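Structure record follows, encoded as structure tokens.
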Amino acid sequence: MARKQKTVSLQVPLPVSPHPLVARRIRKEMRDWEAARKSGSGFYGSCATDTGRRMLHLHDAILKQGEARGFETGRAIEQRSEYGFCIRGEDICWRVDEKHRREKALAAIYGSKSPDHLPDGILTVRYFVAYGPDHLLEDRPDAPLIARVGEILDGMDAIAAQAAVITAEHRLEELRERENAAREARYWKIVDGEEERWKLLRHVSGNSFEAARLRKTVSRIRKRLSDAGIDTPRLKAWLAWAENRIARHDVFSGSAEEIYDRLIARPQPEEDDEDGELL
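Residue numbers (this note's numbering): 2 to 280.
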């Protein structure tokens, strides 16, 4: 059998015509509250307490007045935040909590075994950027947060301006790093291309000297076999193959155009940058 819940008299009404984000939260909490009533379980949402409803009013005022300033409503960027704005291109988030007092005398009133975590009804708002420190404001007897929404929004705008400067510096640093990386890549491309061209020239030079040596060898073979009276089709075929293979090995066996195409016309590394230096 479900237990009958204790009826709590609430003095603070829910926001009238709340911001869509607050309205969505209220609808969800009211559904959860009704389900808790039916099951006899406890419900601890914002709608169930006067302090929680004050939190909803504060969220509602921040959202409405912030959008009136031109702040774009964004999403919370961290689990510890509830709502967020996009201000000056920066994600600014905030959360509203109830302050807790450390008075053992209140433990008996609340029936708490942990007097270090007793609520005192004072609201705090904490706003922050993803990579910056938190900024905290709290209710004062003469100035509750609901009357200081302008101050809260001014603070958000100020940290957004600071964050925008930091973001610009980060982007500039990233741009410099990309430029340096591209410059280094270009340098090594030039160096590697120069080495490739040098290796090709040495390779062609070595082949040319080897081709000359091989031609002398083939000439001696032809003369030795000719002097011995050997003149067969198989010999002629072998000599033709040897001469052709040596010619393919020697760049100077081709025409001037072929030499140009093989050594000069192929893509060459850039030798100079705009300052006339190899970089």
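All C-beta atoms, glycine included, are put in the ideal place defined by N, C-alpha and C. Just so we're clear, the structure is a prediction, and the values are computed from it rather than from any experiment.
Inter-residue spacing [alpha-carbon to alpha-carbon] between residue 143 and residue 179 = By 1-based counting over the sequence shown, the position of residue 143 is 142. By 1-based counting over the sequence shown, the position of residue 179 is 178. Near 54 Å, if we compare the C-alpha coordinates of residue 179 and residue 143.
Buried/exposed call for residue 19, threshold 16 Cβ in 10 Å | Indexing the sequence shown from 1 puts residue 19 at position 18. Residue 19 is buried by the Cβ-count criterion.
When DSSP builds the beta bridges, which residues end up paired with residue 126?
-> The residue given as residue 126 occupies position 125 in the sequence shown. Per DSSP, 97 and 138.
Thinking C-beta only, is residue 122 closer than 8 Å to residue 99?
-> Here residue 99 corresponds to residue number 98 of the sequence shown, with the count starting at 1. Here residue 122 corresponds to residue number 121 of the sequence shown, with the count starting at 1. The answer is yes: Cβ separation under 8 Å.
Start-to-end residues for the beta strand (DSSP E) that takes in residue 45 = Taking the first residue of the sequence shown as 1, we reach residue 45 at position 44. Where residue 45 is concerned, there is no enclosing beta strand (DSSP E), given that its DSSP letter is neither H nor E.
Nearest CA to the CA of residue 160: which residue from 133, 139, 65 and 148?
-> On the sequence shown, residue 160 is found 159 positions in, with the first residue counted as 1. Of the listed residues, the one whose Cα sits closest to residue 160 is 133.
Per DSSP, which one or two residues make a beta bridge with residue 91?
-> For the purposes of this step, residue 91 is taken as the residue at position 90 of the sequence shown. BP columns for residue 91 point to 88.
Where residue 1 sits in the DSSP three-state scheme = Any property of residue 1 remains undetermined from this structure, which presents the chain solely from 2 to 280.
Between residue 17 and residue 57, is the Cβ-Cβ spacing less than 8 Å?
-> To locate residue 17, count along the sequence shown from 1; it is residue 16. To locate residue 57, count along the sequence shown from 1; it is residue 56. One thing to note: residue 17 has its Cβ no nearer than 8 Å to the Cβ of residue 57.
Which one of 248, 181 and 223 has the shortest CA to CA distance from residue 1?
-> What the structure shows of the chain is the stretch from 2 to 280, and residue 1 is not part of that stretch, so it cannot be assessed.
For residue 48 and residue 12, the rounded distance between their alpha carbons | If you number the sequence shown from 1, residue 12 lands on position 11. If you number the sequence shown from 1, residue 48 lands on position 47. For residue 12 and residue 48, the distance between alpha carbons rounds to 12 Å.
Cβ neighbour criterion (16 or more within 10 Å) applied to residue 30 | Position 29 of the sequence shown holds residue 30. Flag for residue 30 reads buried.
Those runs of the alpha helix (DSSP H) which lie wholly inside the segment 229-269 and span at least 4 residues = Fully enclosed alpha helix (DSSP H) runs of no fewer than 4 residues occupy 234-250 and 257-264 of the segment 229-269, in order along the chain.
Between residue 86 and residue 197, what straight-line distance do the alpha-carbon atoms span, to the nearest angstrom?
-> Locating residue 86 in the sequence shown gives position 85, where the first residue counts as 1. Locating residue 197 in the sequence shown gives position 196, where the first residue counts as 1. The straight-line gap from Cα to Cα measures roughly 56 Å.
Cutoff 6 Å; reference residue 261; Cβ partners in own chain excluding five residues on either side = In the sequence shown, counting from the first residue as 1, residue 261 sits at position 260. Here the set comprises nothing.
Output yes or no for whether 8 Å exceeds the beta carbon distance between residue 70 and residue 154.
-> The residue given as residue 70 occupies position 69 in the sequence shown. The residue given as residue 154 occupies position 153 in the sequence shown. Result yes, Cβ atoms of residue 70 and residue 154 sit closer than 8 Å.
Hey, how far is the Cα of residue 34 from the Cα of residue 26?
-> What you label residue 34 is simply residue 33 of the sequence shown in a count that begins at 1. What you label residue 26 is simply residue 25 of the sequence shown in a count that begins at 1. Each residue's alpha carbon lies about 12 Å from the other.
When the Cα of residue 91 is compared with those of 63, 164 and 128, which residue comes out closest?
-> Against the sequence shown, residue 91 aligns to sequence position 90. Considering only alpha carbons, the answer is 164.
Given a threshold of 16 other Cβ atoms within 10 Å of its Cβ, counted over all protein chains shown, does residue 151 qualify as buried or as exposed?
-> Here residue 151 refers to the residue found at position 150 of the sequence shown. Residue 151 is classed as exposed because its beta carbon has fewer than 16 other beta carbons within 10 Å across all chains shown.
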